[in-house]
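Asker: Residues in the sequence shown are numbered consecutively from 7, following our numbering.
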Amino acid sequence: MEYAFSCIFSTLTAFVMKGPRYKKIYYVPGVISLLVLPVLFVVYASVAQRPGSYHVLPVIIRNKQLEEKFPEIYKWVAPINERSYEDINITGYQDADQVKLAYAQIRIREILRQNNFAQGIHYHFGDSSNYGAFVKALDILATEEAQLYMVEDNNIWFYHVPPDTTEYPECGTSLPQYLTCKVFYAEKPLPTVPLLTRIKDAWDSSWLLIIGFSLFLGVALARLRYRLNLK
7 MEYAFSCIFS TLTAFVMKGP RYKKIYYVPG VISLLVLPVL FVVYASVAQR
57 PGSYHVLPVI IRNKQLEEKF PEIYKWVAPI NERSYEDINI TGYQDADQVK
107 LAYAQIRIRE ILRQNNFAQG IHYHFGDSSN YGAFVKALDI LATEEAQLYM
157 VEDNNIWFYH VPPDTTEYPE CGTSLPQYLT CKVFYAEKPL PTVPLLTRIK
207 DAWDSSWLLI IGFSLFLGVA LARLRYRLNL K
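1) Could you tell me the distance, in whole angstroms, from the CA atom of Val65 to the CA atom of Glu116?
2) Could you tell me if Ile162 is buried or exposed, where buried requires 16 or more neighbouring beta carbons within 10 angstroms of its beta carbon?
3) From which residue to which residue does the alpha helix (DSSP H) around Val141 run?
4) Using DSSP bridges, identify the partner residues of Asp133.
5) By how many angstroms is the C-alpha of Leu118 removed from the C-alpha of Phe76?
6) To the nearest angstrom, report how far apart Gln100 and Lys206 are at their CA atoms.
7) Since Tyr165 and Arg113 should fall inside the 8 Å C-beta cutoff, what is the C-beta to C-beta distance between them, to a whole number of angstroms?
8) Which word fits Arg229, buried or exposed, when buried means at least 16 other C-beta atoms lie within 10 angstroms of its C-beta?
9) Relative to the C-alpha of Asp133, which residue among Thr97, Ala102 and Asp103 is closest?
10) Report the three-state DSSP secondary structure of Phe47 (helix, strand or coil).
11) Going by the beta-carbon positions, is the gap between Asp93 and His128 smaller than 8 Å?
12) Would DSSP call Asp93 helix, strand or coil?
13) Quick one: Cα of Asn160 to Cα of Thr198, how far?
14) Which stretch, first to last residue, makes up the beta strand (DSSP E) that contains Gln155?
15) By Cβ distance below 8 Å, which residues in the same chain neighbour His130 in space, the five residues on each side in sequence not counted?
16) Going by the DSSP bridge assignment, what does Gln125 pair with across the sheet?
17) Quick check: the Cα distance between Asp210 and Pro44, rounded to an integer number of angstroms?
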């Protein structure tokens, strides 16, 4: 009897000391997610925080009331009426408007190339025309490097004047030199943002989303491992 109890006690002790054997389980999708998540985070930080270059197109809108009130100040506007303009009527029909805008671009290029001071282009936008055609006309003027054009209600007037050939002296200390000199501002390149700074900025803007996803993934893996161990 004592021998039987001794055998049973020895077996239980050996089982408790050794413990059950569990097979290691590797959840492949979870491991892949944990490996890919840092890479995606670095890529997002590199792309989302990349400094961009933005351009604006200055537009001068004509105000006839100010011209009449201050004629001396706005005397430079007078040449707009002293030439023959070719009308480009934008009606809102997309196919026809594209042909007209393409033709206007060719004429603007010819006027600038020939230094034609007697002719100009007059865009007129009808009530059915869309905003995209207006932006396209401004884009054409910028592409052709037109220097003089003016917006007036639903019209854009383009004209060309002889370039200024006056030679200006360098800026000096005397008042006449100061009043006649030209000032040039060098365009500064955009600063380069280090990768660690972009990662920090991305973390500051998306840390809640990253932590939430990581917790969700950890809980999902823990629950899956617990269920597999029970089987």
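Even for Gly, the Cβ is constructed at its ideal location relative to N, Cα and C.
Answerer: Well, looking at it:
1) Spanning the two alpha carbons is a distance of roughly 22 Å.
2) buried
3) Tyr137 to Thr149
4) In the DSSP output, where bridge partners are listed per residue, Asp133 has none listed.
5) 30 Å
6) Counting only the Cα atoms, Lys206 lies some 47 Å from Gln100.
7) With a Cβ gap of about 12 Å, Tyr165 and Arg113 do not count as contacting.
8) exposed
9) Thr97
10) Residue state, collapsed to three classes: helix.
11) yes
12) strand
13) 42 Å
14) Position check: residue 155 holds Tyr in this sequence, whereas Gln was assumed. Under the DSSP assignment, Tyr155 falls in the beta strand (DSSP E) whose first and last residues are Tyr155 to Glu158.
15) Cβ within range, chain order: Asp93, Ile94, Asn95, Ile96, Asn160 and Asn161.
16) Ser90
17) A straight line joining the alpha-carbon of Asp210 with that of Pro44 spans about 15 Å.
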